[in-house]
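The structure under discussion appears below in the form of structure tokens.
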Amino acid sequence: MAEAEKLPEKQYQKDPSLYTKVFNALFYSGRLPYEEFKYPAYLAYNIPPPRPTNPRIAVLDPCLIAQAYLDLGLVNHAELMSYWAKESGDDPVCADKQLVLIYILKENFRAARPLLMRLKKTIHQRSWAEKYLKLLDDKSALGQEESLSRIRKVMIDSDFREDEELLIRLTNDAQFDYEGVFNRLLEKNKHNKMAFEYLMSYYLLTGQTQKVEENLPRLSCFAYPGIPHNYQEAVLINMIKGNAMPQKLPEKMDKALADKYRYFYETYRKYKFSDIDTLNELKDKHPGSYFIYYLKLRLDKNEKYSQI
Amino acid sequence: MKNILKYNKYIFAGMLFVALSAFAYFFVERNVFYSFRYYIKITEKPVIYPDYADTVIPPNIAPLNFYINENGARYYVKVFSKKGKGIVIRSRNPGVKIPISRWRRLLTENKGNELYFEVSVKKENGWVKYSPLINKIAKEEIDSFLFYREIRPQFYRKIKMKICERNLENYAKRVILDSKFTNGACFNCHSFLHNDTDKFIIQVRYDRRNYMAVNEGGRVSLIAPMSRKPGSAYLSWHPDGEKVALTMNMSYKVFNRFAGMVPEEVLEYGDLDGDIALLNLKENSILTVPGACRDGRIETQPAWSGDGRHLYFLSAPKVSSVKEYKKIKYDLMRVSYNAESNTWGNAETLISSAETDMGVTFPKVSPDGRFLLFCMTDRSSFSILRAKTDLYLMDLKDNSYKRLEINSENADSYHSWSSNSRWFVFASKRDGGVFTRAYFSYIDEEGRVFKPFVLPQREPYFYESFTSAYNVPEFSRGRIKLNRFYLTNALLDTKNIIDAKEIPGSAAAPAWDNKVNYNY
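Residue numbers (this note's numbering), protein chains in the order written: chain Y, 456 to 763; chain A, 52 to 571.
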């Protein structure tokens, strides 16, 4: 991650899979709500597009995407992505492993077995495969298996099938409803941390800071030590947007961060609320701040070449 | 030399010792470890995989190798029938490999008789002899070759596939086409005239073209049925070998289900359009079939009767958008045809989806013209993905039809007839619901269909670790005589594509609609 931080943004544009890899690494290390904007961010690659045929996805590692969808609880989509990984790569082992978990989750043990037998033939995956083959023979132990029960807790067990229009809309990249999907996952399990952080990240990446604030009550379902840094920034930005930066902030706010935003606000006011001048003034001094990303996003939108 | 002679006796003694030891080992192994002086005979049948029991097998099929799913230290299997010497296999391994030459002899001598697999397993307390598994050897042979596509169980756009030729009399397998060497081309709908490889067609999608590679006696020509149209597929040879019925003006959309625990498939597919046309290979002309290219209807999957006097096809009202894909349920229809005068009769409905509330797919008439095998499912779009797809048989004597008892709870779909009409192969997901396998069933003259058996493999554990799917299985009596590299090159040489002439009076051809997503 230290190396990724040092990489120039151009490098990310050259190899967009870096966006996804960094985003994933941040999530799995529990740093996503704190450090996301220390690294270049781009919605289209941070949160991968839903259709394998999307040209953007060609540069991404389908196994990585499948794993993310699996961890989110979107089992069917993970299945499709795993097969996509098998089609586009040379039968990667990661895809077989994901499919094993998927079929076990779907309680299709007969379909999981050939994949496990195949994995058993490889040197590196033999012990992993043997472990799951034993579990298949002792179904009672399957319920306790950690990685499976983690997904079982979050996966949705009803489809969008009752709403075919939504189903088709979901598979259309242009109209892909990230918000709807993540909210649906949270409805199923309010403790789905991945869905929550992806949802909040989606709001941050699209500049919907108000929605970040509206969703803060959901924090109580997770064991964060206070309000995560990025979400605090969104609240502070809302204050700046409302042209109201009070001297006294809510108690849970980080004092140093509030001081920093007071300084941002003063700078913003100094430049008569000009996004471009404020950005030029602050971007080198505070490179990892969400405020910088937010100003860039506003400028992009104003110039009508939004990348989102 | 002297030294060698000096030690000669020792060398001889050593060799004798080795020979005696080997003899003693085999003697003990056979007569002590596999001694059946004491055994327990039980009425239970052993569990073997694949399930080769209570089925009817062709006399020319390769040995049905299997493994015994019973714990034991040693295994003893006797394969025997009414005549001839049985085959005995002794093993410490539950995998049973039957020697091919003795198997062939046994089956040839016993056509019409029963074939027994007598399995004994040595457990802790001694040998247990199970009740024998019984299969019947049919009198009629099966076509010797099977052609199929080997693909991933779920596929999207970037398809990795092979067309393979498998000898059913042994285990020889040959790859005819491999997408690795075809630059991303998609090939499907391989269709043989009279189950023979002298004349066959492979449908190709490559370089934004949709065309057919026609092999006639080793010469491959490329024909695009319609130069402007997005798709054509589903071929059926007229028995005269000069005409091919096909679906043209096809359009469809594939999309994926997004959410979690759907017990069925993750892909959905919606047909949007299709008409039936007749391609005359001799004149290189194409003519839409009256009664099978009506406005407001999707017409697809033509199939000729054995005598070429009827063309069977599917028809459903068009839907206004792909969102209504569930409404597509095909009727089974047929139209009569007079090849001499090149005239068509009126189309008639054989099965109405309005009455059954189910959709028909893949009608295939047996070469003797007696039966029509087809699939029915809750909706017709891409029935091979639907778990509810089942096989049905229509007796063309009186057009009565029945659901076959051999169907499973998973998809039992794409099928093909052997040239003698006594066997059919079908693609089934019965074993686990994901990996499609090729199954064979015997059908007698009265239309009774017997329990199917899976394509035999040399390795008894083959299906335990095979994770590809058998797709579009088609019988053939011979092997493809073309060189694989020649065929690959000929297939991709798009500059040689000839556009078929559209005969005036043919139904109006819709222009390419850019708004429609022509996946595949």
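Even for Gly, the Cβ is constructed at its ideal location relative to N, Cα and C.
Using only alpha-carbon positions, find the residue among the options that is nearest to residue i.
i        : options                                : result
Val536/A : Lys162/A, Ser230/A, Lys133/A, Pro109/A : This sequence places Phe at residue 536/A; Val is not what is there. Nearest option by C-alpha distance: Ser230/A.
Lys707/Y : Leu754/Y, Pro680/Y, Thr661/Y, Asp730/Y : Pro680/Y
Ser356/A : Ile402/A, Leu323/A, Phe477/A, His289/A : His289/A
Val530/Y : Ile578/Y, Ala499/Y, Val555/Y           : Val555/Y
Asn116/A : Leu228/A, Gln508/A, Phe364/A, Glu525/A : Gln508/A
Gln665/Y : Cys676/Y, Asn647/Y, Asn685/Y, Ala678/Y : Asn685/Y
Asp546/Y : Arg568/Y, Gln522/Y, Asn644/Y, Cys518/Y : Cys518/Y
Gln553/Y : Gly544/Y, Arg565/Y, Ala540/Y           : Ala540/Y
Ala689/Y : Gln599/Y, Thr475/Y, Ala713/Y, Ile611/Y : Ala713/Y
Asp732/Y : Lys715/Y, Arg753/Y, Ala567/Y           : Arg753/Y
Asn335/A : Thr351/A, Ala275/A, Tyr363/A           : Ala275/A
Tyr376/A : Leu329/A, Ile252/A, Asp429/A           : Asp429/A
Thr248/A : Ile112/A, Phe526/A, Tyr257/A           : Phe526/A
Glu220/A : Thr159/A, Tyr381/A, Val265/A           : Thr159/A
Ser404/A : Leu423/A, Val416/A, Met384/A           : Met384/A
Glu121/A : Lys174/A, Phe198/A, Ile531/A, Ser479/A : Lys174/A
Lys250/A : Asn234/A, Lys60/A, Gly268/A, Tyr262/A  : Gly268/A
Ser467/A : Ser459/A, Asn450/A, Phe425/A, Thr440/A : Phe425/A
Leu542/A : Leu273/A, Ile62/A, Tyr167/A, Ile188/A  : Leu273/A
Lys448/A : Asn522/A, Met299/A, Ser479/A, Gly498/A : Gly498/A
Gly359/A : Leu365/A, Arg528/A, Val416/A           : Val416/A
Lys294/A : Leu286/A, Asn540/A, Val139/A           : Leu286/A
Phe477/A : Glu460/A, Asp346/A, Val523/A, Lys502/A : Val523/A
Asp419/A : Phe475/A, Lys453/A, Phe413/A           : Phe475/A
Lys532/A : Leu71/A, Ile349/A, Arg270/A, Asp102/A  : Arg270/A
Cys237/A : Tyr257/A, Asp382/A, Arg225/A           : Tyr257/A
Phe482/Y : Leu462/Y, Gln580/Y, Leu527/Y, Leu515/Y : Leu527/Y
Gln687/Y : Met610/Y, Leu515/Y, Lys715/Y, Lys740/Y : Lys715/Y
For residue i, which beta-bridge partners are listed by DSSP?
i        : result
Pro471/Y : Answer is none; Pro471/Y lacks a bridge partner.
Ser171/A : Tyr127/A, Lys180/A
Ala284/A : Thr298/A
Phe251/A : Phe243/A, Asn266/A
Ile200/A : Correcting the residue type first, residue 200/A is Arg in the shown sequence and not Ile. DSSP output for Arg200/A lists Ile214/A, Asn522/A as bridge partner(s).
Asp551/Y : Paired residue(s): none; Asp551/Y is not in a bridge.
His361/A : Ser387/A
Ile548/A : Leu273/A
Trp468/A : Phe475/A
Leu338/A : Leu329/A
Cys426/A : Thr412/A, Leu442/A
Glu350/A : Ser366/A
Lys231/A : According to DSSP, Lys231/A bridges with nothing at all.
Phe238/A : Val255/A
Phe117/A : Val147/A
Trp355/A : Leu362/A
Phe433/A : Beta-bridge pairing links Phe433/A to no other residue.
Ser451/A : Asp446/A
Val139/A : Lys129/A
Leu166/A : Asn186/A
### Task
Check whether the region 135-146 of chain A touches the region 114-126 of chain A, counting contact only when three or more Cβ pairs, one atom from each stretch, lie closer than 8 Å.
Touching, per the Cβ criterion.
### Task
Report yes or no: do the region 509-527 of chain A and the region 568-587 of chain Y share at least 3 C-beta pairs separated by less than 8 Å?
Per the Cβ contact rule, the region 509-527 of chain A is in contact with the region 568-587 of chain Y (3 or more Cβ pairs under 8 Å).
#### Entry: Length-filtered (3 minimum) beta strand (DSSP E) runs lying within the region 376-416 of chain A
Counting whole runs of 3 or more residues, the region 376-416 of chain A contains the beta strand (DSSP E) stretches 382-389, 394-402, 410-416.
### Task
With 7 Å as the C-beta to C-beta threshold (strictly closer), list the residues of the region 476-489 of chain A near chain Y in chain order.
Under the 7 Å Cβ criterion, the region 476-489 of chain A contributes Asp482, Gly483, Gly484, Val485, Phe486.
### Query
Using a Cβ cut-off of 7 Å, which residues of the region 526-542 of chain Y contact any Cβ in chain A, in chain order?
Only Gly528, Leu529, Val530, Asn531, His532, Glu534, Leu535, Tyr538, Trp539, Lys541, Glu542 from the region 526-542 of chain Y bring a Cβ to less than 7 Å from some Cβ of chain A.
### Message
What are the residues in the region 511-527 of chain A lying within 9 Å of chain Y by C-beta distance?
### Response
Cβ contacts with chain Y: Tyr512, Tyr514, Glu515, Ser516, Phe517, Thr518.
#### Entry: 4-residue-minimum alpha helix (DSSP H) runs that sit fully inside the region 666-712 of chain Y, ordered along the chain
The DSSP assignment places complete alpha helix (DSSP H) segments of no fewer than 4 residues inside the region 666-712 of chain Y at 684-696, in order along the chain.
#### Entry: the region 419-435 of chain A contacting the region 155-164 of chain A, beta-carbon criterion three pairs below 8 Å
At 8 Å Cβ cutoff, the stretches do not touch.
### Task
Decide if the region 88-103 of chain A is in contact with the region 164-181 of chain A; the criterion is three or more beta carbon pairs, one per stretch, under 8 Å apart.
A contact between stretches requires three or more CB pairs, one per stretch, nearer than 8 Å, and the region 88-103 of chain A meets this requirement with the region 164-181 of chain A.
### Query
For the region 489-500 of chain A against the region 162-178 of chain A, are there 3 or more C-beta pairs whose distance is under 8 Å?
Under the three-pair Cβ rule at 8 Å, the region 489-500 of chain A does not count as touching the region 162-178 of chain A.
### Query
Using 8 Å as the Cβ pair cut-off and three pairs as the minimum, do the region 644-661 of chain Y and the region 488-504 of chain Y touch?
Short answer: they touch.
### Task
Enumerate, from N- to C-terminal direction, the unbroken alpha helix (DSSP H) stretches of 4 or more residues contained entirely within the region 481-520 of chain A.
Listed in chain order, the complete alpha helix (DSSP H) runs (minimum 4 residues) inside the region 481-520 of chain A are 513-516.
#### Entry: Every unbroken alpha helix (DSSP H) within the region 583-610 of chain Y, with a cutoff of 4 residues, ordered by chain
The DSSP assignment places 594-597, 601-609 as complete runs of the alpha helix (DSSP H) inside the region 583-610 of chain Y, in order along the chain (cut-off: 4 residues).
### Task
Pair every Cβ in the region 381-401 of chain A with every Cβ in the region 337-348 of chain A, then say whether three or more of these pairs are closer than 8 Å.
Under the 8 Å Cβ criterion, the region 381-401 of chain A counts as touching the region 337-348 of chain A, having at least three qualifying pairs.
### Task
Return the residues of the region 705-720 of chain Y that lie within a Cβ-Cβ distance of less than 9 Å from chain A, sorted by chain order.
Listed by position along the chain: nothing, the set is empty.
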